[in-house]
Structures are given as C-alpha cells and as structure tokens.
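Just so we're aligned, residue 1292 is where the sequence shown starts under our numbering, counting upward by one.
All residues carry an ideal CB built from backbone N, CA and C; glycine is no exception.
Bear in mind the structure is a predicted one, so any value in this text is a computation, not a measurement.
Some notes on the structure that comes next.
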Amino acid sequence: MRTFLPVAATLVAVVTLAACGEREQTLGPVKGDATVYSGTSADGKTAGTAYTAPGWKPGDKAGWEQAMRARLQNTQNEYNKVK
C-alpha cells in the first residue's frame, strides 16, 4: 500500500502532463473556391507539391480529365485487375 499510492500519483501526473503537450487539432479554413484542376501552387505556374504528376501544368483541365480517366481505368477498376 505504501508503494501503490506514490506510483498511482506519479502515473496520474504523467498522464495529466502528457495531455498538455498536444497541439490543438482543428481544421483550418476550407478553400472551396478553386477548381480541382488548378493545382496547389501559390503562383499558378508551378506544380506546387510532390504529389503532382510529372509534366502536368496547373490549370490544364483537359490534361487533368485525361489523367483521371486513365487512373480510373488502369488502377481503380477492379474488373480490369481480375482479367
């Protein structure tokens, strides 16, 4: 009993202090005014992120639609995968 109380108090203190170190996890404002094919660049000329396909230019709607059709047919179509 003598060792249980200090161990329990220490455990409660550690758990309480661990919660103080976490950042707030709220969402920022949603930018819904841009088109999906406009990209994520700040200036509108560069691709902007590492997730952009090589050779794709921001604002190229036809290229974006073509890439989405190819992605749908080649990677997300389960019927084609089973053949």
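C-alpha of T1326 to C-alpha of A1353: approximately 13 Å in a straight line. Annotated three-state conformation of W1355 is helix, per DSSP.
Secondary structure at K1372: helix, using DSSP grouped into helix, strand and coil. Cβ-Cβ separation between T1343 and G1330: approximately 7 Å, consistent with a contact (criterion under 8 Å).
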